[in-house]
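Chains as they are written, first to last, in our numbering: chain A, 128 to 428; chain B, 514 to 991.
Note that the Cβ used here is the ideal one computed from N, Cα and C, for glycine as well.
Data block below; observations after.
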């Protein structure tokens, strides 16, 4: 099932904002302001919103568009262009490959691993989970429950154990069994804690100390995140060489517009989207679907 | 926390302050920048509008007159309005006349409800209460185990059973009554505000519990959606207050402003770190000053009061502000500060520190403190008073004595020197807080503070009064 069909939208400020754009008959300054406001309410951010609108104005002027639908269409096109045609596949090729999951607290790293593990197992890969979150109470238990659902073994350490060594052990375990893939969980950490960020860099290094290769480092971002998401992405990218974004909780009323700024600024593509708590609620990111969902309005509203 | 918002404001305010005269044009220019600053801080668009309208109305009005120059006047207006939006009063968790006092926690997935439940229980325990936790999150795998582990850590019993959230709540409340617990804190599963079924479920849990305090737990990093979430939960649960989590990051926390403005419910607690002790009553009146870069001296003092005895606290604060301390004092400070929680948190509360520490590594690793203690303890009393006498051979001796490297000693001495200089700058002269006036909301802000009555010293350190020329205070660290 595609992204678009998974997203249902509630009536909220954003929808009514957009409805007011659509209601206007002529394109005037108010239209542009409403459009800008709509982008801001989607957490796109001031700078990115202004850039986007400047580009749309240019395009609209060039193409001689003078109706509201045409302007909206141009905005969608600009957004899709920005998100671009990039490779959003998850890389394999290591023996085993390691996909490392990083992010601030509570964004959904463990849940994402559970869902993704199930998907990869279903596709015939031999997957090992690494319970690298040794800090949060019962995080390993949570991962084990997901592993049971996904049908994958888990390597865990004691609570408070060195996360690097847990990941290392998991990679060794996977290598000895000839497994294809290690999905490595890490503790949530606020990107301003330099000691914890150093620890993360170390986990990434240690993951490659043995037979494994880190082929993906996925930064998990919660769709409700505001402008701080960009700061997060920069910091995590710096220490952990992030290769992709997983945008979680997009099934709520938040629009996740911050990922537009993130991709613009850091050129890191969104690869996966979390749309619920069930094991199947993880879909591939599709720019067109995402932009359509961004502009999906309950017409009855 | 809020460093970014503070620095934004400071940039905007600095410019406006230098204006001799304020016309419509200057006000508009100022408001445009203020708008960007607030939006980048994740303040909701509608709240930004209301806020700017009020500032505009008051800025281009009769009030611009008197002793203050127009720039200073606008600073004053911004501070007042910001305080107004944040709400003047501190929310108090009043205990029910008939025990137990019931607290219900609700919120989105990943906002930090389970951790907050444990922190809150620990906080009640410190107040001499006997809390019990109810684990009604049967949705997220291992959520109950997480709560049980945390409960074990703080020696607070946890009730749960594998039935359904409503039954768990009912049985948990009964268990708390029969065990004579006087506070019950119920954790619930994270849910989306638009999930009608789950929202109905949490409403049912609330019906069973009849909570005295229904708290929405919300992540400080939340963007524009914070308002939707707060409104939806408020509509179902009739919220009493909000707990703002993850304030230890650099999120600007505009969500706090939005929620107070739109839902009209105050922030009761702020969670400022991963440790169970990183949790404190939220003081909206202080936050306005903090956003404007004035620091949060009162919270620092309060924490100090809990951990030192009063005399010690006074002396420590005085030395801190005067910058006359020696390495011996430094060692004592470290030990004492350590009791208050992670040092980076404590540093953020010192006025101007957030700004001054920018670029400096504020993350102090606890293990490093052990090494620092070792180093200082290996010094002679003379060296501790005047570390400048430490030469190569002394350094080698200290390194051998403490099992560290000579460069660590250099680093410590350098940092100590910088710190002493910084403290002195802050403590001396015209920094905010040196003037004798107490902030106008000073009393209200104390209402939930445990422990002894405010010490006299505090008066000298509380927020500057609004007629204290905030512009001058701010310029001190620009």
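| message | Any C-beta of chain A within less than 9 Å: which residues of the segment 604-620 of chain B qualify? | response | none
| For residue 911 of chain B, which of B:885, B:935, B:619 has the nearest alpha-carbon? | B:885
| request: Kindly indicate the opening and closing residues of the alpha helix (DSSP H) around residue 620 of chain B. | output: Premise fails: residue 620 of chain B lies in the beta strand (DSSP E), 614-620, not in any alpha helix (DSSP H).
| field | Which of helix, strand or coil DSSP assigns to residue 709 of chain B | value | helix
| Counting pairs of Cβ atoms below 8 Å between the segment 286-304 of chain A and the segment 198-217 of chain A, do you hit three or more? | no
| message | Please classify residue 572 of chain B as buried or exposed, where buried requires at least 16 neighbouring CB atoms within 10 angstroms. | response | buried
| Mind checking whether residue 239 of chain A and residue 375 of chain A have CB atoms under 8 Å apart? | yes
| Which term fits residue 359 of chain A, buried or exposed, when burial requires 16 or more other beta carbons within 10 angstroms of its beta carbon? | buried
| task | Using only alpha-carbon positions, find the residue among A:264, A:341, A:401, A:415 that is nearest to residue 662 of chain B. | result | A:264
| task | Return no unless some Cβ of chain A is closer than 8 Å to the Cβ of residue 777 of chain B. | result | no
| request: State yes or no: is the C-beta of residue 397 of chain A nearer than 7 Å to some heavy atom of the ligand PLP? | output: Ligands in the displayed structure: none, and consequently the ligand PLP is not present.
| query | Does DSSP put residue 295 of chain A in a helix, a strand or coil? | reply | helix
| Per DSSP, residue 727 of chain B is paired with what? | B:617
| query | Between the C-alpha atoms of residue 255 of chain A and residue 786 of chain B, what's the straight-line distance to the nearest angstrom? | reply | 31 Å
| request: For residue 168 of chain A, return the contacting residues in chain B, with the cut-off set at a CB-CB distance below 7 Å. | output: 558, 737
| message | Relative to the C-alpha of residue 646 of chain B, which candidate in B:706, B:840, B:722, B:890 has its C-alpha closest? | response | B:722
| task | Using the Cα positions of residue 421 of chain A and residue 185 of chain A, report the straight-line distance between them to the nearest angstrom. | result | 22 Å
| request: Indicate the three-state DSSP secondary structure (helix, strand or coil) for residue 779 of chain B in the structure shown. | output: coil
| query | Using a C-beta to C-beta distance shorter than 9 Å, which residues of chain A count as neighbours of residue 536 of chain B? | reply | By Cβ distance, chain A contributes nothing, its closest Cβ being about 23 Å from residue 536 of chain B, past 9 Å.
| query | What does DSSP give as the partner residues of residue 754 of chain B in its beta bridges? | reply | B:728
| field | beta strand (DSSP E) runs contained entirely in the segment 615-686 of chain B, provided each spans 3 or more residues | value | 644-649
| Is there contact between the segment 676-696 of chain B and the segment 640-654 of chain B, where contact requires at least three CB pairs shorter than 8 Å? | yes
| Outcome for residue 491 of chain B when other beta-carbon atoms lying within 10 angstroms are tallied against a minimum of 16 | Summary: the structure shown does not reach residue 491 of chain B, with chain B confined to residues 514 through 991, and so no result is reported for it.
| field | Pairwise C-alpha distance: residue 900 of chain B and residue 964 of chain B | value | In this prediction, residue 964 of chain B has a pLDDT of 34, which is less than 50 and means its spatial position is unreliable; what the coordinates show is noted afterwards. Rounded to whole angstroms, residue 964 of chain B to residue 900 of chain B spans 37 Å at the Cα level.
| message | Rounding to the nearest angstrom, what Cα-Cα distance links residue 750 of chain B and residue 703 of chain B in this structure? | response | 14 Å
| Short CB-CB distance (under 8 Å) between residue 370 of chain A and chain B | no
| Bounding residues of the alpha helix (DSSP H) (the contiguous stretch that carries residue 418 of chain A) | 414-421
| request: Look at the alpha carbon of residue 192 of chain A and the alpha carbon of residue 181 of chain A, and state the distance between them as a whole number of angstroms. | output: 15 Å
| said: Looking at chain A, is there any beta carbon in it that lies within less than 8 Å of the beta carbon of residue 773 of chain B? | reply: no
| Of the residues A:253, A:292, A:347, A:278, the one placed nearest residue 259 of chain A, counting alpha carbons only | A:292
| said: Comparing C-alpha positions only, which one of A:384, A:415, A:337, A:347 sits nearest to residue 294 of chain A? | reply: A:337
| query | Between residue 385 of chain A and chain B, is there a C-beta pair that is closer than 8 Å? | reply | yes
| said: With a threshold of 8 Å between beta carbons, is residue 646 of chain B in contact with chain A? | reply: no
| query | Name the chain A residues that come within less than 7 Å of residue 623 of chain B, Cβ to Cβ? | reply | 233, 234, 235, 349
| Closest Cβ-Cβ distance between residue 741 of chain B and chain A: below 8 Å? | yes
| message | Would you say residue 354 of chain A lies against chain B (beta-carbon separation less than 8 Å)? | response | yes
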